[in-house]
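J.: In the numbering used here, the protein residues as written are 2 to 245. This structure is in structure tokens; I'll ask about it shortly.
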Ligand code: NAP
């Protein structure tokens, strides 16, 4: 997706995967600018460590407590940012002000989504999690509400890994997420080839659905813009992501 974006804009840049063990994370990242890297995306389990090693943090990364985008600044130093939250809002493509939202999951993704929805003006943000204590803790920290069962809502977001591996059928997915009615808009952060069982169920009921691939593309586009200062070629990125 990022390489397709570089190619589309004629940039002689490369995006490469660097598997790094947690014990070598900070040392490896600090060596990257000297090797010509301009930035990095960071994923599980390094998002917290990325925030902690940075010299500068954007307010959103600080509030979410995790960074997925590091930028190596011209004058030296590392900036930590979080594009998961604004990427989610961009993928949604709709004003959330006044909407009642339910977030399923209180892990890293649930946290970014709950924060994004609160910031964007959702009238209610309820967080449900399989382990209720984690939802309570997240809700207290972010100033949202924790719930023991997902209530009815305008917007429902699956930010759990249910549906990832192993893939569950529709009945098992709904049981794991304690769902019995979809919302007008349903988002599944899990990326899959085609619709996940959750999105199949929601589409059948007439909901508007947004898939994890679109969220992935949008967060990637925002990282691209941060590193290059150019508008991201979102269509090229989406086509590349969808072809994998
Ligand atoms: P995480 O921090 O490991 O959190 C996992 C979450 O899933 C927790 O809330 C966990 O609940 C819940 N969970 C796991 N198995 C479950 C089950 N069988 N039943 C009910 N709940 C279950 O992971 P994460 O980083 O938040 O990622 C969550 C998902 O979002 C993953 O599928 C990831 O691929 C996806 N994601 C997508 C994007 C995107 O751009 N599309 C971005 C980020 C993440 P407990 O607390 O009870 O364990």
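Ideal Cβ placement from N, Cα and C applies to all residues, glycine included.
Go to residue 85, then tell me how far its beta strand (DSSP E) extends in each direction, as first and last residue.
T.: Segment 85-93 is the alpha helix (DSSP H) holding residue 85; no beta strand (DSSP E) there.
J.: May I ask you to check if the CB of residue 54 is nearer than 7 Å to at least one heavy atom of the ligand NAP?
T.: No, Cβ of residue 54 sits at least 7 Å from all heavy atoms of the ligand NAP.
J.: Is there at least one non-hydrogen atom of the ligand NAP closer than 7 Å to the beta-carbon of residue 191?
T.: Yes.
J.: Less than 7 Å separating the Cβ of residue 165 from some heavy atom of the ligand NAP?
T.: Answer for residue 165: yes, Cβ within range of the ligand NAP.
J.: Return the CA-CA distance between residue 128 and residue 140, expressed in angstroms with no decimal places.
T.: Each residue's alpha carbon lies about 7 Å from the other.
J.: With which residues is residue 41 paired in a DSSP beta bridge?
T.: Paired residue(s): 71.
J.: Tell me whether residue 162, by its Cβ, gets closer than 7 Å to a heavy atom of the ligand NAP.
T.: The answer is yes for residue 162.
J.: Determine contact between the stretch 155-168 and the stretch 99-113, defined as no fewer than three beta-carbon pairs at a distance below 8 Å.
T.: Yes, the stretch 155-168 touches the stretch 99-113.
J.: Out of 108, 119 and 114, point me to the one whose CA is closest to residue 99's CA.
T.: Among 108, 119 and 114, the Cα nearest to that of residue 99 belongs to 119.
J.: Could you tell me whether the stretch 64-84 touches the stretch 180-193, where touching means 3 or more Cβ pairs closer than 8 Å?
T.: No, the stretch 64-84 does not touch the stretch 180-193.
J.: Tell me which residue opens and which closes the beta strand (DSSP E) that residue 103 is part of.
T.: Here the beta strand (DSSP E) through residue 103 covers 101-105.
J.: Between residue 15 and the rest of its own chain, which residues show a CB-CB distance below 8 Å, the 5 nearest in sequence each way excluded?
T.: Contacts found: 4 and 7.
J.: Which word fits residue 236, buried or exposed, when buried means at least 16 other C-beta atoms lie within 10 angstroms of its C-beta?
T.: Counting Cβ neighbours within 10 Å, residue 236 comes out exposed, since fewer than 16 surround it.
J.: Is it buried or exposed, residue 179, if we count other Cβ atoms within 10 angstroms and call 16 or more buried?
T.: It is exposed - the Cβ of residue 179 has fewer than 16 other Cβ atoms within 10 Å.
J.: Using the beta-carbon count (16 or more within 10 Å), is residue 85 buried or exposed?
T.: By the neighbour-count rule (16 or more Cβ atoms within 10 Å), residue 85 is buried.
J.: Flag residue 131 as yes when its Cβ comes closer than 7 Å to any non-hydrogen atom of the ligand HEM, and as no otherwise.
T.: The ligand HEM is not part of the structure shown, which contains the ligand NAP as its ligands.
J.: Any heavy atom of the ligand NAP closer than 7 Å to the Cβ of residue 15?
T.: For the ligand NAP, not one heavy atom lies less than 7 Å from the Cβ of residue 15.
J.: Going by the CB atoms, is the gap between residue 203 and residue 218 shorter than 8 Å?
T.: The answer is no: Cβ separation not under 8 Å.
J.: In whole angstroms, what separates the C-alpha of residue 110 from that of residue 12?
T.: In a straight line, the C-alpha of residue 110 is about 31 Å away from that of residue 12.
J.: Taking the alpha-carbon of residue 20 as reference, which of 78, 44, 40 and 149 has the nearest alpha-carbon?
T.: Of the candidates 78, 44, 40 and 149, the one whose C-alpha sits nearest the C-alpha of residue 20 is 44.
J.: What is the rounded straight-line gap between the Cα of residue 148 and the Cα of residue 114?
T.: Going from the Cα of residue 148 to the Cα of residue 114 covers about 16 Å.
J.: How about residue 67 and residue 49: do their beta carbons lie closer than 8 Å?
T.: It is a contact, given that the beta carbons lie within the stated cut-off.
J.: Between residue 3 and the ligand NAP, is there a pair consisting of the residue's CB and a ligand heavy atom that are separated by less than 7 Å?
T.: Answer for residue 3: no, Cβ out of range of the ligand NAP.
J.: Kindly list the residues whose CB is nearer than 6 Å to the CB of residue 126, restricted to its own chain and excluding five residues on each side of it in sequence; keep chain order.
T.: Contacts found: 102, 115, 118, 119 and 145.
J.: To which residues of the same chain is residue 97 closer than 8 Å at the C-beta, ignoring the five residues directly before and after it?
T.: For residue 97, where only same-chain residues beyond five positions count, the Cβ hits under 8 Å are 90, 118, 121, 122, 123 and 156.
J.: By alpha-carbon positions, which one of 174, 132, 238 and 206 ends up nearest to residue 215?
T.: Considering only alpha carbons, the answer is 238.
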